[in-house]
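This report refers to the structure that appears directly beneath it.
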Amino acid sequence: MSALTPDWLNPDPWLTRAQNTGTRAVRQALATECPGIAELAALLSPAAGEALDRLATRAQFLTRRQFGRTITLYVPLYLSDFCKNGCVYCGFAADRRQPRRRLEHDDIIAEMDTLKVMGFEEILLLTGERTPQADFDYIRAAVALAAERFDLVTVEVFPMTREEYHGLTEAGCTGMTMYQETYDPAVYERMHRWGPKRDYQYRLETPARALAAGLRTAGLGALLGLADPVRDALALFQHVQTLRKQYWRSGISVSFPRIRPQLGGFTPPFLVSDRFLVQVICAFRICMPDLPLTLSTREPAWFRDGIAGVGINKMSIASRTTVGGYHDGSTTDDGLPACPSSARELGQGQFKVSDNRSIENFCAMLKSKDLEPVFKNWDAVYRDIAQSA
Amino acid sequence: MDSLTLGQHTFTSRLILGTGKFSDAETMLKAIQASGAQLVTVALRRFNRERPSDDLLGPLLTIKGLTLMPNTSGACNAQEAVKAARIARELSGSKFIKVEIHPNPHHLMPDAIETLEATRILAAEGFVVMPYMPADPVLAKRLEDVGCASVMPLGSGIGTGHGLATADLLKIIIRDSRVPVIVDAGLRSPADAALAMEIGCDAVLVNSAIAIAGDPVAMAAAFALAVQAGHSARLAGIMSQSEEAVPTSPLTSFLSNAGST
Numbered sequence: 004m005s006a007l008t009p010d011w012l013n014p015d016p017w018l019t020r021a022q023n024t025g026t027r028a029v030r031q032a033l034a035t036e037c038p039g040i041a042e043l044a045a046l047l048s049p050a051a052g053e054a055l056d057r058l059a060t061r062a063q064f065l066t067r068r069q070f071g072r073t074i075t076l077y078v079p080l081y082l083s084d085f086c087k088n089g090c091v092y093c094g095f096a097a098d099r100r101q102p103r104r105r106l107e108h109d110d111i112i113a114e115m116d117t118l119k120v121m122g123f124e125e126i127l128l129l130t131g132e133r134t135p136q137a138d139f140d141y142i143r144a145a146v147a148l149a150a151e152r153f154d155l156v157t158v159e160v161f162p163m164t165r166e167e168y169h170g171l172t173e174a175g176c177t178g179m180t181m182y183q184e185t186y187d188p189a190v191y192e193r194m195h196r197w198g199p200k201r202d203y204q205y206r207l208e209t210p211a212r213a214l215a216a217g218l219r220t221a222g223l224g225a226l227l228g229l230a231d232p233v234r235d236a237l238a239l240f241q242h243v244q245t246l247r248k249q250y251w252r253s254g255i256s257v258s259f260p261r262i263r264p265q266l267g268g269f270t271p272p273f274l275v276s277d278r279f280l281v282q283v284i285c286a287f288r289i290c291m292p293d294l295p296l297t298l299s300t301r302e303p304a305w306f307r308d309g310i311a312g313v314g315i316n317k318m319s320i321a322s323r324t325t326v327g328g329y330h331d332g333s334t335t336d337d338g339l340p341a342c343p344s345s346a347r348e349l350g351q352g353q354f355k356v357s358d359n360r361s362i363e364n365f366c367a368m369l370k371s372k373d374l375e376p377v378f379k380n381w382d383a384v385y386r387d388i389a390q391s392a
Numbered sequence: 002m003d004s005l006t007l008g009q010h011t012f013t014s015r016l017i018l019g020t021g022k023f024s025d026a027e028t029m030l031k032a033i034q035a036s037g038a039q040l041v042t043v044a045l046r047r048f049n050r051e052r053p054s055d056d057l058l059g060p061l062l063t064i065k066g067l068t069l070m071p072n073t074s075g076a077c078n079a080q081e082a083v084k085a086a087r088i089a090r091e092l093s094g095s096k097f098i099k100v101e102i103h104p105n106p107h108h109l110m111p112d113a114i115e116t117l118e119a120t121r122i123l124a125a126e127g128f129v130v131m132p133y134m135p136a137d138p139v140l141a142k143r144l145e146d147v148g149c150a151s152v153m154p155l156g157s158g159i160g161t162g163h164g165l166a167t168a169d170l171l172k173i174i175i176r177d178s179r180v181p182v183i184v185d186a187g188l189r190s191p192a193d194a195a196l197a198m199e200i201g202c203d204a205v206l207v208n209s210a211i212a213i214a215g216d217p218v219a220m221a222a223a224f225a226l227a228v229q230a231g232h233s234a235r236l237a238g239i240m241s242q243s244e245e246a247v248p249t250s251p252l253t254s255f256l257s258n259a260g261s262t
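For the protein sequence lines, the chains are A and B, in the order given.
Numbering-wise (the working numbering), the first sequence opens with residue 4 and increments by one.
Numbering-wise (the working numbering), the second sequence opens with residue 2 and increments by one.
In structure tokens form, the structure reads like this:
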């Protein structure tokens, strides 16, 4: 990696281990009481890939021990697709010729009320980069509307200042998500052609700013496939560990977005196979048994069904990656909002939704696997105090 | 009758159940019934009046004779726990409250300082306060001083299944306590529960070990038997441990022989 990579993040010292670990070291890593970065490297190795079912067995045991037989559910709401970044892989990138839209005040309420009827208690609000159409005040207003309706309100928007994150906390925001996309600075530079997002360091430091400002949770992740996924996984682990030590009262979670087809026909430089994605998820679970691990509807139904409870303990469902889209009148037979067709998602969304099942079908699947879908796993009473403090 | 007294309430069962981590409410209810538990704890954060299928409180209210002990899991400090306790009392109708304050959402270790403060406030408000606490003998006495109905020291970390890792500290707490001592967290198997009762705990609280067992209902019944066995053994008087074999003929028997002074 280039000199831009901070020492605390640099995965290079562990790469050899990740590439050349033997079966004995994999067994040792699986048996270690307190696994760390060395064990993660071993569990990301090809030798560990040969023992994938052993990893999965261990991961399922640890997931069940920490989270029980439950899967917590959340839903994303895209507020705006205006953007001024030039991310080569993103359906919202500024040079995509597509109609742009943002939800206005009444639209936001209508969308949120629809999501409430669907049963969600945790909402993730998303936008692109900071623009005049979707600036801090716009986000804060949306957070306040969400806080009136949902127990947990998190944002996945542009990087903010510490003061701005404090403002969101006061408005009722409980957490934020900020993927570094790739921890490889050289690849990061190539992938982000223009716009504020080119600032690797500022983005890297964003979760720490948010937690310092009072947000309770930070979600981290790398967009697997942009760069060497082993290096990104190792660096991501270091990032999580560093934040946990500094912000010991905060909740850190990790997501595993794998780059999927979207507008512009971007082909990811690295192929992340289904088997390797399972290996990464299991390796994280084994090395961080108490960390919430999330998987979105980027992944197809069969994959999500298989990994639910095997490492993953939190999932989105009924997601739309277009702006709004829940309150558009289309409903299923049971009167609830219908999921969009994949063709529509591919044509307009930030990325393609691969699991288009209804909540009911998804919950039925979970129950068939002896997993309880949990919509509410926190209470706004705790957030209200943070607001008034 | 041998019973467990918490505040003004008495219970014949010494097994308390947690209600999270089950695969569905039906299994949870069957496990409670199989366990014979008369007291269960339920997190305020799992109350969901807007979606009954996601609500843990509603199903629990259907069991006659069951006392609910809401808990404040999710609270990071005393202020949050106190507010949560007041709301939980309104919603559940129960004066029992398990104070559970863990500022770190990952390892869920209890905050001793905030727990003491919340217990002080809630006990003064008339709650039957059951604080989840580190296995700290000094803290146990401090909690007793501010009016808790019991202390609930951890056997080991929540959900870890490491059993009575804190056994030496628990023994001190049990020896010195004027309120019931209930081991909460870390128990893996009925053997752990039996051991907790044998060393003198008044009750145990179990969740993960039952909820994630292969057959939660059967495991709940097994824990009930173990708790009863451990408690009965304690009452019966357990032989003491010794590193050396005790000879049938005492080694000092020569002292009683003629000629000794």
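Just so it is clear, CB atoms sit at the ideal spot from N, CA and C, and this is done for glycine as well.
Note that the structure is a prediction, hence the values are computed from the model and not measured.
Asked: According to DSSP, is residue 377 of chain A helix, strand or coil?; Found: strand
Asked: Rounded to whole angstroms, what is the Cα-Cα separation between residue 221 of chain A and residue 149 of chain A?; Found: 18 angstroms
Asked: Comparing C-alpha positions only, which one of A:383, A:330, A:315 and A:355 sits nearest to residue 369 of chain A?; Found: A:315
Asked: So, under 8 angstroms CB-CB, residue 167 of chain B and residue 156 of chain B are touching, yes? Tell me the CB distance rounded to an integer number of Å.; Found: 6 angstroms
Asked: I'd like to confirm the pairing. Which residues does DSSP put opposite residue 76 of chain B in its beta bridges?; Found: B:102
Asked: Mind checking whether residue 5 of chain B and residue 15 of chain B have CB atoms under 8 angstroms apart?; Found: yes
Asked: Name the chain A residues that come within less than 7 angstroms of residue 75 of chain B, Cβ to Cβ?; Found: 381, 382 and 385
Asked: Counting only the same chain and skipping the five closest in sequence on each side, list residues whose C-beta sits under 6 angstroms from that of residue 97 of chain B.; Found: 70 and 129
Asked: So the candidates are B:80, B:76, B:81 and B:40; which of them puts its Cα closest to the Cα of residue 1 of chain B?; Found: Examination of residue 1 of chain B is not possible in this model, given that chain B is present from 2 through 262 alone.
Asked: What's the C-alpha gap between residue 199 of chain B and residue 70 of chain A?; Found: 30 angstroms
Asked: For residue 1 of chain A, does the count of other Cβ atoms within 10 angstroms reach 16, so buried, or fall short, so exposed?; Found: No statement about residue 1 of chain A is possible, as the shown extent of chain A runs from 4 to 392 and does not include it.
Asked: On the three-pair Cβ rule with 8 angstroms, is the stretch 236–252 of chain A touching the stretch 174–188 of chain A?; Found: yes
Asked: Could you pull out every residue in the same chain whose Cβ sits closer than 7 angstroms to the Cβ of residue 147 of chain A, ignoring the five residues on either side in sequence?; Found: 174 and 175
Asked: How big is the Cα-Cα spacing for residue 65 of chain B and residue 79 of chain A?; Found: 40 angstroms
Asked: Starting from residue 10 of chain B and walking both ways along the beta strand (DSSP E), at which residues does that stretch end?; Found: 10–12
Asked: Which residues of chain B have a Cβ atom closer than 8 angstroms to the Cβ of residue 378 of chain A, listed in chain order?; Found: 49, 52 and 55
Asked: Extract the residue ranges of the alpha helix (DSSP H) inside the stretch 23–72 of chain B, only unbroken runs of 4 or more that lie entirely within it.; Found: 26–36 and 58–62
Asked: Using the C-alpha atoms, what's the distance from residue 193 of chain B back to residue 206 of chain B?; Found: 11 angstroms
Asked: From the DSSP output, read off the bridge partner residues of residue 317 of chain A.; Found: A:75 and A:297
Asked: Inspect the beta-carbon positions of residue 82 of chain A and residue 137 of chain A and report whether they are closer than 8 angstroms.; Found: yes
Asked: Does residue 155 of chain A come out as helix, strand or coil in the three-state DSSP assignment?; Found: strand
Asked: Mapping the DSSP letters down to three states, classify residue 35 of chain A as helix, strand or coil.; Found: coil
Asked: To which residues does DSSP link residue 97 of chain B through a beta bridge?; Found: B:129
Asked: Sort A:307, A:99, A:108 and A:179 by Cα distance to residue 223 of chain A and report the nearest one.; Found: A:179
Asked: So what's residue 115 of chain A in DSSP terms, helix, strand or just coil?; Found: helix
Asked: Does the CB of residue 212 of chain B have a neighbour CB from chain A at under 8 angstroms?; Found: yes
Asked: Is the beta carbon of residue 59 of chain A closer than 8 angstroms to that of residue 24 of chain A?; Found: no
Asked: Starting from residue 183 of chain B, trace the beta strand (DSSP E) both ways and give me its first and last residue.; Found: 183–185
Asked: Can you find at least 3 beta carbon pairs, one from the stretch 321–330 of chain A and one from the stretch 109–118 of chain A, that sit closer than 8 angstroms?; Found: yes
Asked: From residue 326 of chain A to residue 159 of chain A, what does the alpha carbon distance come to, in whole angstroms?; Found: 14 angstroms
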